[in-house]
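Novice: Letter by letter, the sequence shown follows residues 768 to 1051 in my numbering.
Note that CB positions come from ideal geometry on N, CA and C, so glycine has one too.
The structure that follows is given in the form of structure tokens.
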Amino acid sequence: MKKRLIYIATALLLLFLAWNAWEWRPMSPPAASTIAANQAKTEQKIRTAFLPNWDQVPLEEMERQANKYPKQVVLEGASHRRWIALTFDDGPSNYTRRLLAILKQQQVPATFYMTAKSMEGREDLVKEVWQAGHELGNHSVNHPHLSELAERYWDEEIGPTQEKFRSIVGFAPNTMRPPYGEITDAQIEDLAKRGIKVVLWSIDTQDWNKNRMLFGAHKIERSIQDAIHEEAIVLMHDAGGRRENTLAAVEQLIPWLKAGGYEFVTVSQMLGLPAQPTPSPLQK
768 MKKRLIYIAT ALLLLFLAWN AWEWRPMSPP AASTIAANQA KTEQKIRTAF
818 LPNWDQVPLE EMERQANKYP KQVVLEGASH RRWIALTFDD GPSNYTRRLL
868 AILKQQQVPA TFYMTAKSME GREDLVKEVW QAGHELGNHS VNHPHLSELA
918 ERYWDEEIGP TQEKFRSIVG FAPNTMRPPY GEITDAQIED LAKRGIKVVL
968 WSIDTQDWNK NRMLFGAHKI ERSIQDAIHE EAIVLMHDAG GRRENTLAAV
1018 EQLIPWLKAG GYEFVTVSQM LGLPAQPTPS PLQK
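In structure tokens form, the structure reads like this:
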């Protein structure tokens, strides 16, 4: 009996070591695509798995809306250019300046979907993000479930956030990201009339969950490496909790993606939207 327990324990240990060797193996940079860069995609889809019981919108619903409103709801870029857009939600926060330093060192632009609540008292930080050449996007005032607000969503959440941006940087973003990815068809149609696109994502790193895990930075990094594709829009967060692992993952991922030939762009660049105003020399 004792020998049998030793054999079982040894087998389990070997399995654990083998899994770790596989999980922690260095990933080669992504190989060159065989698809022409200008070839249009036939559908929009999310490449990462659904995480149940966490207020997540079913992937099928987000994909349905993206395919019903192909010019208004975006999961990813429309063709196969070797581009990637890093996006960060819920900020700004005490982590944002550290993230800005990483992006500056790597010479990478990103898109920040900010809440008016987080901007309050951090107006100078909002300006820093903009002055560093990054893009600003609307993520509501209080991060609610917009579907529960029905037609009040604009007056209570999106409209005031647009005004908050105008008061800080002098303009309002032309893209928004609904909290939790949740939005109604009627709200999508209303935003289209207002000239604002709904930007979701094709890669969800789930860093809001993995930041709390052992080896969280590695898990966040792997989530992108395993799902990388041309014209990806990547969801991460620079606020809403501890974000050390997100910052560490970003720092490791950028050189890996560059080695695979990826160019970093803002969401507007990827979608061919008008660029946001740039700061004048006096504002820098």
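If you check the beta carbons only, do residue 908 and residue 944 fall under 7 Å apart?
Specialist: Not a contact, by the Cβ cut-off of 7 Å.
Novice: Beta-carbon within less than 6 Å of residue 836's beta-carbon, same chain only, minus the 5 sequence neighbours each way: which residues are those?
Specialist: Once the five neighbours on either side are set aside, the close Cβ partners of residue 836 are 955.
Novice: Quick check on residue 1017: does DSSP put it in helix, strand or coil?
Specialist: Note: residue 1017 maps to helix in three-state DSSP.
Novice: Give the single residue among 926, 917, 1024 whose Cα lies nearest to the Cα of residue 904.
Specialist: Nearest of 926, 917, 1024 to residue 904, Cα basis: 926.
Novice: Under a three-way DSSP split, which group does residue 968 fall into?
Specialist: Coil.
Novice: Would DSSP call residue 981 helix, strand or coil?
Specialist: If DSSP states are grouped into helix, strand and coil, residue 981 belongs with coil.
Novice: Spatial neighbours of residue 819 within its chain, please: C-beta separation below 6 Å, excluding the five flanking residues on both sides.
Specialist: Excluding sequence neighbours, residue 819 sits near nothing in its chain.
Novice: Exposed or buried, residue 963, counting other C-beta atoms within 10 Å across all chains shown (16 or more means buried)?
Specialist: Residue 963 comes out buried.
Novice: Nearest to residue 1020 by alpha carbon, out of 823, 1000, 906, 987?
Specialist: With distances taken between Cα atoms, residue 1020 lies closest to 987.
Novice: Sort out for me which residues DSSP pairs residue 856 with in a bridge.
Specialist: Looking at the DSSP assignment, residue 856 forms a beta bridge with 880, 1004.
Novice: Could you spell out the range, first to last residue, of the beta strand (DSSP E) harbouring residue 905?
Specialist: Segment 902 to 905, the beta strand (DSSP E) holding residue 905.
Novice: For the alpha helix (DSSP H) that residue 957 lies in, which residues bound it at each end?
Specialist: Residues 952 to 960.
Novice: Taking the C-alpha atoms as reference points, what is the distance between residue 957 and residue 794?
Specialist: C-alpha separation (whole angstroms): 43 Å.
Novice: Closest to residue 862 by C-alpha separation, out of 840, 1009, 920, would be which residue?
Specialist: Comparing Cα positions, the closest option is 1009.
Novice: Using CA coordinates, which residue listed in 939, 948, 809, 884 is at the minimum distance from residue 912?
Specialist: Here the closest residue by C-alpha is 948.
Novice: State the DSSP-derived secondary structure class of residue 896, mapped to helix, strand or coil.
Specialist: Helix.
Novice: How many Å lie between residue 788 and residue 829 at the Cα?
Specialist: Bear in mind that a pLDDT of 45 at residue 788, under 50, signals an unreliable position, so the model cannot answer this.
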